[in-house]
Amino acid sequence: FHRIVKVAAGDKCSFALTESGKLFTWGSKSSGCLALGPESPKNVVEPTPINPEVFKHQKVVDIVASKYRCLAISDESQYVS
């Protein structure tokens, strides 16, 4: 069970942030925002957790998405784009 606290959507990708800082993504890999690595499928149809190593194991506290950009902000005020 994951309590979702925020959802953000870009043009071809979506994100859900949980209370514990876990980030899930789904959508089209062509957007460049999925952060699932080169082995991920072209289209991700179900929410899939992003590996915490992407964020250097920092807790994600906020997410923002627009048509062409997506950002995850950590509790140490660092961001991954």
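Heads up: the sequence shown is residues 9 to 89, going by this note's numbering. Yeah, the Cβ is synthetic: ideal placement off N, Cα and C, and Gly gets one too.
Counting along the chain, C21 sits inside the beta strand (DSSP E) bounded by residues C21 to T26. A straight-line Cα-Cα distance of about 21 Å links V69 and G35. Taking all protein chains in view, the Cβ of S85 is surrounded by fewer than 16 other Cβ atoms within 10 Å, so the residue is classified as exposed. In its chain, beyond the 5 residues on either side, V68, V69, D70, I71, V72 and Y87 have a beta carbon closer than 8 Å to the beta carbon of I81. P57 and R77 have their C-alpha atoms roughly 19 Å apart.
The beta carbon of D83 lies closer than 7 Å to those of Q66, K67 and V69 in the same chain, with the five residues before and after it left out.
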